[in-house]
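See below for the structure under consideration.
Residue numbers (UniProt numbering): 1 to 389.
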């Protein structure tokens, strides 16, 4: 994209005669995907660095162990007039592999770079632009946005409605499941999405400026760097490592004669976690099929489900609605609410949209989860318990 020389690591001069500055963005120590960017200024030129307080906050174990329900739509911010998609993130859950946050952003974020891992943003509602060193991405409701490690970006909401974002901050890399890809990285025929469904930047984003601040998350916390020049000065780049967008509506559901297990919904994989998309779909067509899920115990994973559209048949009567998150941890059997199995018999279509995150280490609870919990949920199958009335 943009202007690049015919051969990498060769002289590439500006109209004024100087050299553009190369920056190789690469993962796994020069042995995996990379991109080569050409800057108008030195990307190394910092003039200040200051430690920042970390807004993440501590997490606590899920004790007592039980299924839980949270209403993200009830979260509020102390300064609701100015919430941005970086410093306004509130921690819902976390473990050593991923931190899961939520934010309702209504103002542009600072320039930001996560140097500790890839980020996956899901836009529940709202619209805006994600400006990056690679170029700009226009996003709206239903978009997943994959932002690679150390990509400098900012989120600019647009319109009257806040951008409601579920944010996964990984400690490694996030991408399509390997079983969907050929040995050379092409999507295979059985994949539920492909290259045509993916959007990337389409043109360079050039911004002038001096002494520009960038908030950087790294493995030891947060630091604010001040750069001599604005980092959005890339005139061109090529490679396979860049931010991209995939909309949940473009996920093609895999169905069968009887109920299909959750891996058919898998959309991404990260370090010790997977992300699945539940979308409107025709369901099981065996004459005696039971369309809703069977009771199941996740013996190796915690299951987090974010409900973002339609009607979730298996959860009727539980109190769950749009914007809800349910957490079913390893050690607890869970399944359809009472009456849901019988009600689903003969149904041939589910109108539901949800994002699921399964983690293979226990999720701990952040302050945002504790602020919006529905205490009755764990007892909703028996309809009696400490908080039931």
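We treat Cβ as the ideally placed atom computed from N, Cα and C, and that holds for glycine.
To the nearest whole angstrom, what separates the beta carbons of residue 51 and residue 223, a pair I think is in contact under 8 Å?
Working through the chain shown from its first residue, we reach residue 51 at position 51. Working through the chain shown from its first residue, we reach residue 223 at position 223. The beta-carbon separation of residue 51 and residue 223, rounded to 6 Å, stays under the 8 Å limit for a contact.
What does a CB cutoff of less than 8 Å around residue 67 pick up in its chain, not counting 5 residues either side in sequence?
What you label residue 67 is simply residue 67 of the chain shown in a count that begins at 1. These residues qualify, in order along the chain: 326, 327, 328, 329, 332, 334, 377, 378.
Run through the DSSP bridge pairs and tell me what residue 100 is partnered with.
For this step, residue 100 is matched to residue 100 along the chain shown. 93, 168.
Return helix, strand or coil for residue 82, following the three-state DSSP convention.
To locate residue 82, count along the chain shown from 1; it is residue 82. The answer is coil: DSSP assigns residue 82 none of H, G, I, E or B.
Quick check: what's the CA-CA separation for residue 87 versus residue 216?
Counting from one through the chain shown, the residue named residue 87 turns up at place 87. Counting from one through the chain shown, the residue named residue 216 turns up at place 216. Whole-angstrom Cα-Cα distance: 11 Å.
Please list the segments of the beta strand (DSSP E) lying wholly inside the region 186–253, counting only runs of 3 or more residues, in order along the chain.
210–218, 221–229, 234–239, 244–247
Can you give me the start and stop residues for the beta strand (DSSP E) that residue 72 sits inside?
Along the chain shown, read from residue 1 onward, the residue named residue 72 stands at position 72. Looking at the DSSP string, residue 72 is not in any beta strand (DSSP E), and its letter there is neither H nor E.
What is the C-beta distance between residue 149 and residue 137, in whole angstroms, given that I count them as a contact (C-beta under 8 Å)?
To locate residue 149, count along the chain shown from 1; it is residue 149. To locate residue 137, count along the chain shown from 1; it is residue 137. That pair is no contact at about 17 Å.
Here's the rule I'm using: 16 or more other beta-carbon atoms within 10 Å means buried, otherwise exposed. How should residue 78 be labelled?
By one-based count along the chain shown, residue 78 stands at place 78. Per the 10 Å Cβ criterion, exposed.
Please give me, in chain order, every unbroken run of the beta strand (DSSP E) with length at least 3 that falls completely inside the region 33–74.
34–39, 46–52, 68–71
Selection from 352, 28, 338, 190 that minimises the alpha carbon distance to residue 390:
Residue 390 falls outside the range modelled here, since the chain spans only 1 to 389, and no answer is possible.
Buried or exposed, going by whether 16 or more other CB atoms sit within 10 Å of the CB of residue 45?
Looking up residue 45 in the chain shown gives position 45. Under the 10 Å beta carbon count, residue 45 is surrounded by fewer than 16 other beta carbons and is classified as exposed.
Quick test of your reading: residue 34 and residue 310, contact by CB under 8 Å. State the CB separation rounded to the nearest angstrom.
Locating residue 34 in the chain shown gives position 34, where the first residue counts as 1. Locating residue 310 in the chain shown gives position 310, where the first residue counts as 1. Residue 34 to residue 310, Cβ: 40 Å. No contact.
Give the straight-line distance between the Cα atoms of residue 273 and residue 265, rounded to the nearest whole angstrom.
The residue given as residue 273 occupies position 273 in the chain shown. The residue given as residue 265 occupies position 265 in the chain shown. Rounded to whole angstroms, the separation of the alpha carbons of residue 265 and residue 273 is 14 Å.
Go ahead and label residue 263 buried or exposed: buried means 16 or more other beta carbons lie within 10 angstroms of its beta carbon, across all protein chains shown.
For the purposes of this step, residue 263 is taken as the residue at position 263 of the chain shown. With fewer than 16 other Cβ atoms within 10 Å, it is exposed.
Beta bridge counterpart(s) of residue 284 as assigned by DSSP
Your numbering for residue 284 matches position 284 in the chain shown. Under DSSP, no beta-bridge partner is assigned to residue 284.
Buried or exposed: where does residue 126 fall if 16 or more other Cβ atoms within 10 Å of its Cβ makes it buried?
Position 126 of the chain shown, counting from 1, holds the residue named residue 126. Answer is buried; the Cβ neighbour count reaches 16.
According to DSSP, what are the bridge partners of residue 328?
Locating residue 328 in the chain shown gives position 328, where the first residue counts as 1. Assignment of beta-bridge partners to residue 328 by DSSP yields 303.
So residue 242 and residue 201 are supposed to be a Cβ contact under 8 Å. How far apart are they, rounded?
Your numbering for residue 242 matches position 242 in the chain shown. Your numbering for residue 201 matches position 201 in the chain shown. Correct: roughly 7 Å between the Cβ atoms.
Start and end of the beta strand (DSSP E) containing residue 289?
Mapped onto the chain shown, residue 289 falls at position 289. First-last for residue 289: undefined, no H or E at that position.
Looking at C-beta atoms only, is the number of pairs between the region 205–215 and the region 225–235 that lie closer than 8 Å three or more?
yes
Same chain only: Cβ atoms within 6 Å of residue 207, ignoring 5 sequence neighbours per side:
For the purposes of this step, residue 207 is taken as the residue at position 207 of the chain shown. Result list for residue 207: 230, 232, in chain order.
Alpha carbon to alpha carbon, how far is residue 22 from residue 38?
By one-based count along the chain shown, residue 22 stands at place 22. By one-based count along the chain shown, residue 38 stands at place 38. Distance between the alpha carbons of residue 22 and residue 38 is about 5 Å.
May I ask you to report which of helix, strand or coil DSSP gives residue 337?
Reading the chain shown from its first residue, position 337 is the one you call residue 337. Look at residue 337 here: in three-state DSSP terms it is coil, with no helix or strand label.
May I ask you to list the residues that DSSP assigns as paired with residue 296?
Counted from its first residue, the chain shown places residue 296 at position 296. Checking the DSSP bridge columns, you'll see residue 296 partnered with 334.
In whole angstroms, what is the alpha-carbon distance linking residue 256 and residue 280?
For this step, residue 256 is matched to residue 256 along the chain shown. For this step, residue 280 is matched to residue 280 along the chain shown. Rounded to whole angstroms, residue 256 to residue 280 spans 14 Å at the Cα level.
Through-space distance from residue 348 to residue 286, alpha-carbon basis:
Here residue 286 refers to the residue found at position 286 when the chain shown is read from its first residue. Here residue 348 refers to the residue found at position 348 when the chain shown is read from its first residue. Straight-line Cα distance between these residues: approximately 10 Å.
Could you tell me whether the region 88–99 touches the region 353–364, where touching means 3 or more Cβ pairs closer than 8 Å?
yes
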